[in-house]
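What follows is one structure encoded as structure tokens, with my remarks underneath.
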Amino acid sequence: MAMPATTSGMGTNSSGRVRLDGQLALINAGPAPITVLTATGQRPDARIRYTGQPRPIPPGSTALVDVEVRFECSIPIEQEPLPVRFSIKTGDNRNREVNAPVGLLFSVWYRDLLQACGRLG
């Protein structure tokens with residue numbers, strides 16, 4: 001499970017895009033440790049990519065992982081969560097791909113996005 005947690009920086013450009021540096025709270029609900037290697041997700045209104053170093057997460061724990069999110073201000077944010085694919089290494093040293101939806105609507109990122117896009121308009 002993954003959800004927006006914090007915003008650490010933000011920038012806008014003249015073409016109506018917002019770049020947000022933030023963190024996802026990533027929960028390891030499994031019985032074994034995992035290490036996050038990469039994360040990516042994309043749709044017309046938003047893109048997300050992992051910008052941190054490989055991050056171990058013990059079983060039953062939550063970790064904050066660094067991401068960069070790009071929003072297109074001219075497109076309304078979709079109500080459905082953004083599908084994000086995580087590349088992880090499991091406790092048995094195997095690489096796996098895991099999909100986790102990230103809800104953007106009404107998140108801390110959403111609030112910051114509305115403010116940034118409002119300044120562009």
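Heads up: the sequence shown runs through residues 1 to 121, numbered per our numbering.
C-beta: ideal position from N, C-alpha, C; glycine also.
Please read all numbers here as calculations on a predicted model, not as lab measurements.
Relative to the alpha-carbon of residue i, which residue among the options has its alpha-carbon at the smallest distance?
i: D45; options: S74, P31 and F106; result: S74
i: N13; options: G103, V36, A100 and R70; result: R70
i: T35; options: A29, F106 and R55; result: R55
i: L26; options: M10, S87, S15 and P76; result: S87
i: Q23; options: Y50, R85 and V84; result: Y50
i: N93; options: Q115, L37, A2 and G16; result: L37
i: G91; options: V67, P33, P58 and A63; result: P33
i: F106; options: G11, P76 and G30; result: P76
Could you tell me how far apart the beta carbons of residue i and residue j are, in whole angstroms, since I believe they sit closer than 8 Å?
i: T7; j: L20; result: 6 Å
i: G60; j: N28; result: 7 Å
i: M3; j: V102; result: 7 Å
i: G16; j: E72; result: 7 Å
i: I48; j: V65; result: Not a contact, Cβ separation roughly 11 Å.
Mind checking who residue i pairs with in its DSSP beta bridge?
i: N99; result: R85
i: Q42; result: R47
i: R55; result: V36
i: A25; result: M3 and L64
i: V18; result: T12 and F71
Could you spell out the range, first to last residue, of the beta strand (DSSP E) harbouring residue i?
i: F71; result: S61 to E72
i: M3; result: A2 to T12
Cβ contact check for the segment 78-94 and the segment 43-57: 3 or more pairs under 8 Å:
yes
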